[in-house]
Amino acid sequence: EAQVTQNPRYLITVTGKKLTVTCSQNMNHEYMSWYRQDPGLGLRQIYYSMNVEVTDKGDVPEGYKVSRKEKRNFPLILESPSPNQTSLYFCASSSHEGASGANVLTFGAGSRLTVL
Amino acid sequence: GQNIDQPTEMTATEGAIVQINCTYQTSGFYGLSWYQQHDGGAPTFLSYNALDGLEETGRFSSFLSRSDSYGYLLLQELQMKDSASYLCAVRDLEGGKLIFGQGTELSVKP
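Taken in sequence, the protein lines are chains A and B. Here the first sequence stands for residues 1 to 116, where the numbers follow my numbering. Here the second sequence stands for residues 1001 to 1110, where the numbers follow my numbering.
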């Protein structure tokens, strides 16, 4: 089954404790992206990657890091989490193929992170 | 600045038709897309427009007018399961940036 898999789905952690949210897709997609979703603010893009070894900042990159060493994986790293990073996180991927490909995102199920 | 506007909430009756509007102000434009999101779940792709006009996919249709920086999602023959948040998204000048509106919470009543 074609899918984007995120882990963990739920996590409660404390301020300053480094954590990584993994994201993996099995569709051979070139493009991957991370979003956070907060009430009243909608989906905001954190980082994206157009292909392996290529990453760029989205609108809210502060406090986050990413890497794209393999096509299928795009982990999100919080080096020193703070309470304002409590949010629902989504990873998404898409293919560049065709006129619409880059606009058709497949999302993971989401990771609900709480930082105390 | 970049901005996407859509109504916060809408209510409609089962079996009816509803139109969700979206206006955008972005530095570039490479397509407008629509996603459906049920409470706490993952957004799922519904429709996409790169050129002006209407795209139809079953009960859902999407329209785009690039000159007006405006699009809409039309949902016909509404069903209770259509109660969800509908997200408008625009691909910006920087090809990797897909900017989302805050979403329209649609409630379908019997």
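Just so it is clear, CB atoms sit at the ideal spot from N, CA and C, and this is done for glycine as well. Keep in mind the model is a prediction, meaning the values are calculated, not measured.
Check                                                                                                                                                   : Outcome
Would you call B:P1043 buried or exposed, if buried means 16 or more other Cβ atoms sit within 10 Å of its Cβ?                                          : buried
Do you know whose CA, among B:D1005, B:T1008, B:N1003 and B:A1012, lies nearest B:M1080's CA?                                                           : B:A1012
Just how far apart, CA to CA, sit B:T1057 and A:S80?                                                                                                    : 45 Å
Is A:S26 helix, strand or coil by DSSP?                                                                                                                 : Sequence inspection shows Asn at residue 26 of chain A; the Ser mentioned does not correspond to that position. Three-state result, A:N26: coil.
Using the three-state DSSP reduction, which class does B:G1109 fall into: helix, strand or coil?                                                        : Per the sequence presented here, residue 1109 of chain B reads as Lys, with Gly not at that position. Three-state DSSP puts B:K1109 in a strand.
Is it the case that the Cβ atoms of B:V1090 and B:E1014 are separated by a distance below 7 Å?                                                          : no
Our contact map puts A:P83 next to A:T15 with C-beta atoms below 8 Å; I'd like the distance itself, whole angstroms only.                               : 7 Å
Chain A beta carbons: is any one of them nearer than 7 Å to that of B:E1102?                                                                            : Reading the sequence as shown, one finds Gln at residue 1102 of chain B and not Glu. Answer yes: the Cβ-Cβ gap between B:Q1102 and chain A drops below 7 Å somewhere.
B:Q1006 and B:C1022 - do their beta-carbons sit closer together than 7 Å?                                                                               : yes
Would you kindly work out how many angstroms separate the C-alpha atoms of A:V60 and B:V1018, rounded to a whole number?                                : 33 Å
Based on Cα-Cα distance, which residue from A:T106, A:S95, A:N103 and A:C91 lies nearest to A:R112?                                                     : A:C91
How big is the Cα-Cα spacing for B:G1031 and B:N1049?                                                                                                   : 6 Å
Grab me the residues of B:Y1024's own chain with a C-beta within less than 6 Å of its C-beta, minus the 5 sequence neighbours each way, in chain order. : I1004, S1069 and V1090
Which residue's Cα is closest to the Cα of B:G1040: A:Q3, A:L105, A:E1 and A:R9?                                                                        : A:R9
I believe A:S49 touches A:Y35 by the beta-carbon criterion, under 8 Å. Please report the beta-carbon distance rounded to the nearest angstrom.          : Incorrect: roughly 13 Å between the Cβ atoms, too far for contact.
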